[in-house]
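Heads up, the thing below is written out as structure tokens.
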Amino acid sequence: MDKIIIAAGLLLIIYAFWQTVQRFRGRAKNSCCGTAEAVSVKKVDDTDPSHYPYRYTLQIDHMKCSNCARNVENLLNSMPGVWGRVDLGKKEADVRTKQSVSEAEFKTAFKDSAYTLKSCTLVSDYRS
Numbered sequence: 012m013d014k015i016i017i018a019a020g021l022l023l024i025i026y027a028f029w030q031t032v033q034r035f036r037g038r039a040k041n042s043c044c045g046t047a048e049a050v051s052v053k054k055v056d057d058t059d060p061s062h063y064p065y066r067y068t069l070q071i072d073h074m075k076c077s078n079c080a081r082n083v084e085n086l087l088n089s090m091p092g093v094w095g096r097v098d099l100g101k102k103e104a105d106v107r108t109k110q111s112v113s114e115a116e117f118k119t120a121f122k123d124s125a126y127t128l129k130s131c132t133l134v135s136d137y138r139s
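Residue 32 in my numbering sits at position 21 of the sequence shown, with consecutive numbering throughout.
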């Protein structure tokens, strides 16, 4: 009986090690976002910074992988007049907008997502 328990434990350790190696090599069958495939990025048509007079830094919680970061970028870039880029390491987004956006509006955008907007700071306002 002891040998069976030891063998089962050893198999469990080998399986966990194998899954870890596969995840680091990018071959895992899933990520924290439920997919091994990269999430496609929603492109912003207007990428001229001079067209975006407002700039915000958003602190975002619950981002764990590059797919999470892309999901947040897509969420931001789907808002009208918004261009966002995410720094996963800092768990923040650099967001440029064509019009003033309140923290409540950003929170509404995040409401149905898996991510939490912790704070919203207006970094600059370049209106003429």
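For glycine and all other residues, C-beta sits at the position ideal for the given N, C-alpha and C.
Residue span of the beta strand (DSSP E) that contains residue 134, given as start and end = 127-136
In the DSSP assignment, find the unbroken alpha helix (DSSP H) run with residue 99 in it and report its ends.
-> Looking at the DSSP string, residue 99 is not in any alpha helix (DSSP H), and its letter there is neither H nor E.
Cα-Cα separation, residue 88 to residue 52 | 9 Å
Meets three-Cβ-pair contact criterion under 8 Å: the segment 52-61 and the segment 128-135 = no
Going by CA-CA distance only, name the one from 99, 82 and 54 that's closest to residue 120.
-> 82
When the Cα atoms are used, what is the spatial distance from residue 57 to residue 20?
-> 55 Å
Candidates 65, 27 and 26, of which the one nearest residue 137 by Cα | 65
Inter-residue spacing [alpha-carbon to alpha-carbon] between residue 104 and residue 26 = 36 Å
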